[in-house]
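Chains as they are written, first to last, in the numbering used here: chain A, 553 to 1071; chain B, 55 to 312.
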């Protein structure tokens, strides 16, 4: 039974924070969306020349997938923030709430805009003539006659927008906004289906509640039953109040925020750092599920205080380097490059999580493949599955060109499904991560790289500029440096990822903590 | 000058893109207390003419005066609040009760609630609707009742002038007959100046003090019902008056047989 599952209790414990943030974001976006699109709709219904361009742009926005829209706003705002920082010395946060708010606001506009125009256009011309004939000004006609008569249609648009916004808000997790999407993104990564289901059900329940409250207001207005309108309005106020109660305290100034990207190892390391900070009596919270470059930018702009990244990732995506260098050289250059940005590279954790090409052991043995060089011979008959990033990264270009790799087919998928795909024989080769527990779980072999074409990926601890001289903080983090063994990391990841007897990332971190190597 | 409540001088109305002017060379003067009917075929410009008086349309040339004042310079909203307007579509506000519909112009004029309530009572009595109709919604009324509410709404702010555009056109003959008679009585009782558009010549003959015959945007002739029936100056008028005359003769013949 799902309710007796310990993961259910864990999910429930996080509900106030996730739900509160989700509601706050959704209601702000919906309010802003209505505030913009209602006047635009009125304008468009009076001016036929404006109608088409407005509806076309709103529809165009709607065709952009929600996640992409959110992802687009982040760099846009980051650029803007840098600009205001230079111009007025007043940077703003391009992270989390703001990009999510703007993207969702745009998303909410089409139904409200369209229904406002439809509602106003649908009014009986005789009624409009009567409004004019009885001596109403255009504004009075709008307020006393047109808007009340179009209200049911406009309200239907608002309800649609509310449902869309609440659903799409789950996608704001990767740009750093806590939402019910945290359940879904975390759950998807750690194969914690209770979390995924919990997130979906919570978002759906919220959407339905808001929809029904808006329906109540609508019917109250329409049938002139004021107690209904009042009930609906009070309900909406109660929902809004839920947004303000929880979770906000931990945004307090003295709190250390630990960032984590969107995979299990990152969740465990963030939990581990949190435990280390708590042990040192430092208040800490985690911000999980950040996109890869989002995490780096958030650290650079002091939005988060610490997170773990990988030398090769920064080498390629931040420093824009395509050459492959020995690991010490990469670390040295990276440290200097980061120092120029006032970011402190505290040190390596002691293991690598590099990109690697992996195959099912039985399949590799059958084809007699040990290295990528062997693989290149068979590649035209084989298929590769990779995560979303890999095939677009310079590492792939490097390894592909070094060995002349040409596959029969290549597919992109969520890394969770990638491992299952290779285990099930749906893909022959995958872009695995060398420290991933699932290499062990699915009995995969990591193929050798004799030409050293894949760059090193040391897990490194990065500290935000404003914390670079915070000795208490740095002292709490130092025991982690050089202390994690790659086998322990794989094992810890497996604890959280495995389908049976699954443990939480916090438990996995607790398992890992005593196994840290003493310096 | 001031005895003409409504005056049109050499009014021309052209609509963009239309080859012919909708109205041309229209001059018409209506005295206080007069009941004038405008008759003419569809497209003759009747509605356009009426709408010029409360500035729902503005003339391309010429001048319109209401109560001695050239209205081109006046605020159209304030003008409309002192002119009653009833039209075939009625246009009762479907989201407002009968009382709210009737008291709309007083409300726009800022009357207090008590005065408006009293006025609604008076008007319901005036258009012969029961007082408990106040709280009904328009969709609960019959066609005739709706048109009575429309008339009450037009009269609410005690206008001196009533403009009526085929107000009873869509009603069944019995209801229509009752309403037209009731309206004529109101016209006398309240000392209104009424300008009525109708395509029904018989209705114009029975109701109006004076009839204006309109064809293709021009006034063909003007005269009392008796004058137009007995001595039409134009062939067009004669043909227009022929039908009610023949109907009357046929009716008379029927009555004689029995």
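All C-beta atoms in this analysis are idealised placements derived from N, C-alpha and C, irrespective of residue type, glycine included. Keep in mind the model is a prediction, meaning the values are calculated, not measured.
In the same chain as residue 618/A, and ignoring 5 residues on each side of it, the C-beta atoms closer than 7 angstroms to its own belong to 659, 720 and 723, in chain order.
With a threshold of 16 other beta carbon atoms within 10 Å, residue 608/A falls short and is exposed. Residue-level contact check: residue 139/B touches chain A, since one or more beta carbons of chain A fall below 8 angstroms from its beta carbon. For secondary structure counted as the beta strand (DSSP E) over 3 or more consecutive residues, the segment 939–1006 of chain A holds these complete runs in sequence order: 961–964, 981–985 and 996–998. One thing to note: residue 1000/A has its Cβ within 8 angstroms of the Cβ of residue 922/A. No Cβ-Cβ contact shorter than 8 angstroms links residue 742/A with residue 791/A.
Runs of the beta strand (DSSP E) lying entirely within the segment 55–95 of chain B, each at least 3 residues long, are 58–67, 77–85 and 89–93 in chain order. Across the set 912/A, 687/A and 829/A, the C-alpha of 687/A shows the shortest separation from the C-alpha of residue 139/B.
Under the criterion of beta carbons closer than 8 angstroms, residue 990/A and residue 1026/A do not qualify as touching, at roughly 33 angstroms.
Contacts between residue 202/B and chain A, judged by CB atoms closer than 9 angstroms, are missing: the closest CB pair is about 15 angstroms apart. CA-to-CA, the gap between residue 195/B and residue 262/B works out to about 28 angstroms. The beta carbons of residue 118/B and residue 133/B sit no closer together than 8 angstroms. Scanning the segment 176–211 of chain B from its first residue to its last, the whole alpha helix (DSSP H) runs of 4-plus residues come out as 197–209. Exclusion of the five residues before and after residue 734/A leaves 570, 725, 840 and 841 as the residues of its chain whose Cβ lies within less than 7 angstroms of its Cβ.
Per the DSSP secondary-structure output, residue 139/B pairs in a beta bridge with 217/B. For a cut-off of 8 angstroms, the C-beta gap from residue 851/A to residue 624/A is around 21 angstroms, too long to register as a contact. CA-to-CA, the gap between residue 665/A and residue 592/A works out to about 7 angstroms.
At a C-beta separation below 9 angstroms, residue 148/B has these neighbours in chain A: 676, 679 and 701.
The CB of residue 159/B comes closer than 8 angstroms to the CB of 686 and 687 in chain A, given here in chain order. Distance check between residue 960/A and each of 971/A, 931/A, 947/A and 943/A places 931/A closest, using alpha-carbon atoms only. Taking every protein chain shown into account, the CB of residue 304/B has fewer than 16 other CB atoms within 10 angstroms, so this residue is exposed. Under a 10 Å Cβ-count criterion, residue 744/A is classified as buried, with 16 or more other Cβ atoms of the shown protein chains found around its own Cβ. Unbroken alpha helix (DSSP H) runs of no fewer than 4 residues, entirely contained in the segment 799–865 of chain A, are found at 816–831 and 844–852, following chain order. With the rule of 3 Cβ pairs closer than 8 angstroms, the segment 586–602 of chain A does not count as touching the segment 675–689 of chain A.
Ranked by Cα distance from residue 63/B, the first of 124/B, 238/B and 185/B is 124/B. When secondary structure is reduced to three states using DSSP, residue 276/B falls in the strand class. Closest option to residue 807/A, judged by alpha-carbon separation, among 886/A, 904/A and 834/A: 834/A. When the alpha-carbon of residue 252/B is set against those of 228/B, 215/B, 239/B and 220/B, the nearest one is in 220/B. Within the DSSP bridge table, the entry for residue 1047/A names no partner. The Cβ-Cβ distance between residue 750/A and residue 910/A does not fall below 8 angstroms. Note on geometry: alpha-carbon atoms of residue 72/B and residue 673/A lie some 25 angstroms from one another.
Secondary structure note for residue 116/B: its beta strand (DSSP E) is the uninterrupted segment 115–120. For residue 214/B, no Cβ of chain A is located within less than 8 angstroms of the residue's own Cβ. Taking a Cβ-Cβ cut-off of 7 angstroms, the neighbours of residue 697/A in chain B comprise 147, given in sequence order. In the three-state DSSP reduction, residue 1037/A falls in the coil class, being neither helix nor strand. In the DSSP annotation of this structure, the continuous segment of the alpha helix (DSSP H) that includes residue 791/A starts and ends at 778–796.
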